[in-house]
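Notes to accompany the following structure.
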């Protein structure tokens with residue numbers, strides 16, 4: 009069975025194919041058939057794998073890519089969504105991937121995965137969907153241990169989750185170096201959120217789900233416009 013680091017690379021390749029962005033085309037160019045040149049995200053998957061939970065802090069410190077914290081405005085709320093954004097080292101416009109964190113919130117590991125997507129040519133946008141839900145309006149980091157994070161994330165209703173993702177999507181599509189194409193990838197809880205967002209957001213271009221729940225109603229699948237890749241381990245418990 010593939011480990012999670014190998015699966016992340018598979019997922020990123022799937023996003024590239026689904027977004028139709030092997031040559032880094034903009035929205036108009038992506039519609040037309042073309043022979044992809046050697047450069048661009050499709051040529052980028054390389055030997056470097058995303059960091060593990062233990063190595064993520066050092067990997068983030070030594071990454072050559074520019075990463076920054078951004079406060080994304082959430083309409084109707086005085087507390088913004090704290091979001092980690094990493095930019096690829098490329099001069100042309102880039103596709104965007106929203107990296108949806110697992111049930112443990114926005115951790116260094118998730119930020120490291122975002123950095124690896126940037127290494128492959130994407131603008132990676134990783135929101136802390138628990139922003140404002142912790143003590144004093146904090147997010148994941150303010151909640152302390154994982155039990156508190158898990159308990160809090162389970163109170164985030166699906167409609168509110170979608171509202172937050174929509175706010176981050178709006179921000180991401182306004183990034184000047186983006187090319188207007190945007191997909192999602194999520195892990196565990198975030199995998200279910202990625203799949204559900206494909207149901208809720210008709211203009212999504214692609215979605216990848218690493219385990220997590222999937223829609224149970226046939227009508228939900230009928231609402232999906234984006235290609236979706238689901239990766240589920242046969243021996244995964246829970």
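Residue numbers (the numbering used here): 9 to 246.
Just so you know, even glycine gets a beta-carbon here, dropped at the ideal spot from N, CA and C.
Beta-carbon proximity list for residue i, same chain, < 8 Å, skipping 5 on both sides
i           : result
residue 46  : For residue 46, the pLDDT reaches just 47, beneath the cut-off of 50, and the residue's location in the model is therefore unreliable, although a value from the coordinates is still provided. Once the five neighbours on either side are set aside, residue 46 has no close Cβ partner at all.
residue 321 : The requested residue 321 does not occur in the structure, where the chain is confined to residues 9 to 246.
residue 170 : 204, 205, 208, 209
Reduced DSSP category for residue i - H, G, I as helix; E, B as strand; rest coil
i           : result
residue 169 : helix
residue 79  : strand
residue 234 : coil
residue 73  : coil
residue 157 : helix
residue 57  : coil
residue 86  : coil
residue 150 : helix
residue 68  : helix
Residues bridged to residue i [DSSP beta-bridge criterion]
i           : result
residue 135 : 91
residue 218 : 195, 239
residue 113 : 110
residue 104 : 131, 190
Spatial neighbours of residue i in its chain, beta-carbon cut-off 7 Å, leaving aside the 5 residues before and after
i           : result
residue 199 : 217, 218, 219, 220
residue 80  : 88, 89, 91, 135, 175, 176, 179
residue 82  : 88, 89, 172, 175
Proximal residues to residue i (C-beta, below 6 Å), its chain only, five neighbours per side dropped
i           : result
residue 238 : 217
residue 124 : 58
Tell me whether the segment 173-192 and the segment 103-112 touch, counting them as touching only if at least three CB pairs, one residue from each stretch, are closer than 8 Å. With three or more CB-CB distances shorter than 8 Å, the segment 173-192 counts as touching the segment 103-112.
At a cut of 8 Å, does the segment 79-95 reach the segment 108-122 through at least three beta carbon pairs? In short, these stretches touch, since the Cβ pair count reaches three.
Curious, which full-length beta strand (DSSP E) runs of at least 3 residues does the segment 162-210 contain? Taking only runs of at least 3 residues, the beta strand (DSSP E) segments lying wholly in the segment 162-210 are 186-195.
Given 8 Å as the limit, is there contact between the segment 159-170 and the segment 68-76, that is, 3 or more CB pairs closer than that? Too few Cβ pairs lie closer than 8 Å, so no.
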